[in-house]
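In my numbering, the protein residues as written are 294 to 524.
Backbone N, C-alpha and C define an ideal beta-carbon position, used for all residues, glycine too.
Keep in mind the model is a prediction, meaning the values are calculated, not measured.
One structure is given below, encoded as structure tokens.
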């Protein structure tokens, strides 16, 4: 098996879409690696898992599955046998019986973390000001404008469902700890990564390193691919 036999499936978190992975997709594709960004509806946890599974059905061969933030829970809920490794990017990793909310709120939030409440339609949007203050404080103005413009709201039904046995208990895992994260504080990320027995790679990056430090994310994904190839 070679690097080009492994596919990478990237899964966005809350308040984002597949375009958030653009700077990660380009260098991987330049290396001849097949990359797909899975779109999540963010309407309910089971809806998101089903959407991911539909994407995985379209991908052949061994897969490295990569999740950012909320998507860490989603990638651990698939049962697709083609998935050979999981990479977490500043992500949430509930254990069996836990919800996303359980792990998100397990510690005190960052002082600049936004207050999150559903709107009259029951959807949670990130305040536009929070993109620069908390979500991606290291991003350029143009990048912040795009992030705010394409944000997808998340429904409470995504974060209140208890998980079954997570796939990270049965696959090799990598975890990029974002040391400057203001959405999911790094101590919380380290707790989850250590509980998973993941290979931890910590860097002084914000909550959206796929936008603000894409080379760091690409390096972690390449490391995962190399281990899958080595068997």
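- The alpha-carbon of residue 295 is positioned some 19 Å away from that of residue 319.
- Within its own chain, the residues whose Cβ lies closer than 7 Å to the Cβ of residue 367, once the five positions on either side in sequence are excluded, are 304, 333, 341, 342, 345 and 360, listed in chain order.
- Sequence-distant Cβ neighbours of residue 392 in its own chain, meaning closer than 8 Å and more than five residues away, are 452, 453, 454, 455 and 456.
- Listed as beta-bridge partners of residue 417 by DSSP are 447.
- With contacts defined by Cβ atoms closer than 9 Å, residue 510 and residue 382 form a contacting pair.
- Residue 381 is bridged by DSSP to 360 and 468.
- The DSSP-derived three-state label of residue 426 is helix.
- Within 10 angstroms of the beta-carbon of residue 353 lie fewer than 16 other beta-carbons, which makes it exposed.
- Rounded to whole angstroms, residue 465 and residue 476 show a C-alpha spacing of 25 Å.
- Per DSSP, residue 508 is one residue of the alpha helix (DSSP H) stretching across 507 to 523.
- Per DSSP, residue 323 is one residue of the alpha helix (DSSP H) stretching across 315 to 323.
- Only residues of its own chain outside the window of five on either side were considered, and among them 386 have a CB closer than 6 Å to the CB of residue 485, listed in chain order.
- Non-local beta-carbon contacts of residue 416 in its own chain, meaning distances under 8 Å to residues more than five positions away in sequence, involve 446, 447 and 448 in chain order.
- Beta-bridge partners assigned by DSSP to residue 300: 327 and 356.
- Residue 375 is a Cβ neighbour of residue 349, given a cutoff of 9 Å.
- Apart from the 5 residues on each side of it in sequence, residue 419 sits with its Cβ closer than 7 Å to the Cβ of 308, 407, 428 and 444 in its chain, given in chain order.
- Check the Cα spacing between residue 378 and each of 405, 322 and 462: the tightest is with 462.
- Where residue 394 is concerned, the enclosing alpha helix (DSSP H) starts and stops at 393 to 397.
- As computed with DSSP, residue 376 is found in a beta bridge with 356.
- Here residue 479 carries a helix assignment [DSSP, helix/strand/coil].
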